[in-house]
Amino acid sequence: EYIFGPVFIRDARVAARKRSTYSMRSGFVIILLTILVLVYYGMTTSRSGSAAATYQRLQSVAPVLGIALLWSQVIASLIITANVSAVSLGQERVKGTLAALATAPMPPLQIVLSTLAARLIHPLVIALVCIPVLVVLRAFGGVDLETLFLVEYINLASCICIAAMGIFGSMLVFRATAAA
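In our numbering, the protein residues as written are 167 to 346.
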C-alpha cells in the first residue's frame, strides 16, 4: 500500500500506454534474437574436424548463449532504467502535475518510492522476456542456477541504484530533457 499506492498505479498506467514502451521492448527482443543468432552462428560454423569435435563444439553452445543472453539483459535493463527514471519527476514538473502531487495527502517519501517502483517495471519486463530462453538453454546445459540468480540479483540492485540516481537527478533539474 505504501509503495504500490495511487502514484505507482498512475505511473504504471501512463507507461503502459506509451508507444515508446512497446517499441523499447520490441527493440530489445529484436536485438536479443540478433545476438543469439550471431553467437550461435559463430559457435556452429563448420570447421574441419571429426564428428566428435563437432559434437563437443555444439555442447559448448548453450553456456555461451546463456552468458550472451545474460549480458544483453543486464546492459539493456541498465540503459532502459536510466532512460525512464531520469525524466520521471521532470515530466511531472513540465506537465504541471508535480504541484498537485505535492499537495496530495501522502508523504514525500511515498511519492518518490512509488515513482521508483513504477520505473522498475521496465527492467522487470526485460528480465521476464529472457526467462523462457534461459529455461530452454538450461535444459541443454546452459548457465547454472546459482550464476543465474546471482546475475539477476546484481542486475536488480544495479537497476534500483540507477533508478534512484535518475529520480534524484530529475529532482535537481527543472526541465525533463536536462535530467536525461
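Every residue gets a Cβ at the ideal spot worked out from N, C-alpha and C, and that includes glycine.
Cβ pair residue i, residue j closer than 8 Å
i           : j           : result
residue 201 : residue 238 : yes
residue 282 : residue 333 : yes
residue 171 : residue 280 : yes
residue 231 : residue 308 : yes
residue 181 : residue 323 : no
residue 228 : residue 311 : no
Boundaries of the alpha helix (DSSP H) in which residue i is found, first to last residue
i           : result
residue 319 : 311-338
residue 190 : 185-210
residue 308 : Unbroken run through residue 308: none, as it is neither H nor E.
residue 274 : 274-285
residue 145 : Outside the shown range of the chain (167 to 346) lies residue 145, about which nothing can therefore be said.
residue 247 : 227-251
residue 216 : From DSSP, residue 216 is part of no alpha helix (DSSP H); its letter is neither H nor E.
residue 256 : 254-261
Length of the line joining the Cα atoms of residue i and residue j
i           : j           : result
residue 287 : residue 226 : 33 Å
residue 184 : residue 216 : 53 Å
residue 321 : residue 289 : 9 Å
residue 345 : residue 305 : Low local confidence applies: a pLDDT of 49 at residue 345 is under 50, so the model's placement there is unreliable, with the coordinate-based value given in what follows. Cα-Cα distance, rounded: 43 Å.
residue 190 : residue 249 : 11 Å
residue 223 : residue 187 : 38 Å
residue 210 : residue 218 : 13 Å
residue 206 : residue 277 : 45 Å
residue 265 : residue 259 : 8 Å
residue 233 : residue 294 : 16 Å
residue 204 : residue 240 : 18 Å
Cβ neighbour criterion (16 or more within 10 Å) applied to residue i
i           : result
residue 336 : buried
residue 174 : buried
residue 177 : buried
residue 292 : buried
residue 235 : buried
beta-carbon residue i near the ligand SAH non-hydrogen atom, thresh 7 Å
i           : result
residue 180 : Ligands are entirely absent from the displayed structure, and the ligand SAH is therefore not among its contents.
Take every Cβ of the stretch 253-269, pair it with every Cβ of the stretch 324-342, and state whether three or more of those distances are shorter than 8 Å.
yes
Would you check if there are 3 or more beta carbon pairs closer than 8 Å linking the stretch 267-274 to the stretch 301-319?
no
Contact the stretch 297-309 vs the stretch 180-197: 3+ CB pairs below 8 Å:
no
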